[in-house]
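**Q** Sharing a structure, written as structure tokens. Questions coming.
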Amino acid sequence: MDIQFAEIEVFAPKAEAAWAALQRQYASRISAAELDHLLACFVLGLTSPACGEGDPGFHFDLCRALVAVSLPPERTEAALHTVPEPTQPWVASAYQLIEKQGAKVGLSLREKTRNFEDFLATEANGAAHQGASAIARKN
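As structure tokens, this is what we get:
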């Protein structure tokens, strides 16, 4: 993954859990491209509550980085740029449903943190405090 985001730490566990569930439930029933696109739809929904109103380029790069945690680069790009032809009648509606499910999870994350930016600032302050404590112990 080329791009590093602080947000990855917040979203990656949810995206990885979704990928594992999608593979377990659908890998034998649909194409790899469909499975990959389901992950991309989930990630889009997951990140939309936090990033949807902001810079679209940032949001897309974050989605790319999260999908890339589970998929190799060529599959990541295909999942983000191509909607595969459904091999089963239910797959087309599954894309929308999984995005909505991702949005529900994203809203839940946002509620837990109350304010996403405050959460990230708290994480950064905690890391700075740990670093300062380590320096103080050495001296």
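Per our numbering, the very first residue in the sequence shown carries number 223; after that it's consecutive.
For every residue, glycine included, the Cβ atom is placed at its ideal position computed from N, Cα and C.
(1) On the three-state DSSP scale, how would you describe T298?
(2) In terms of residue numbering, what span does the alpha helix (DSSP H) encompassing E184 cover?
(3) Compare the beta carbon distance of V305 and C285 with 8 Å and say whether it is the shorter of the two.
(4) Going by DSSP in three states, M223 sits in which element: helix, strand or coil?
(5) For E299, which of A287, A228, E229 and T309 has the nearest alpha-carbon?
(6) For Q247, which three-state DSSP category applies?
(7) Can you have a look at E275 and say buried or exposed, based on whether 16 or more other CB atoms are within 10 angstroms of its CB?
(8) Return yes when the Cβ of G328 is within less than 8 Å of the Cβ of A272, no when it is not.
(9) Please list, in chain order, all residues of the same chain as L319 whose beta carbon is under 7 Å from its beta carbon, the five residues on each side excluded.
(10) Among A249, L331, V232 and A254, whose alpha-carbon lies nearest the alpha-carbon of P294?
**A** So, from the listed chains and residues:
(1) helix
(2) What is shown of the chain runs 223 to 361, which leaves residue 184 out entirely.
(3) no
(4) Model confidence at M223 stands at a pLDDT of 40, short of 50, so the residue's coordinates are unreliable; what they give is reported in the following sentence. Note: M223 maps to coil in three-state DSSP.
(5) A287
(6) Note: Q247 maps to helix in three-state DSSP.
(7) Exposed.
(8) yes
(9) none
(10) Distances from the alpha-carbon of P294 to those of A249, L331, V232 and A254 put A254 closest.
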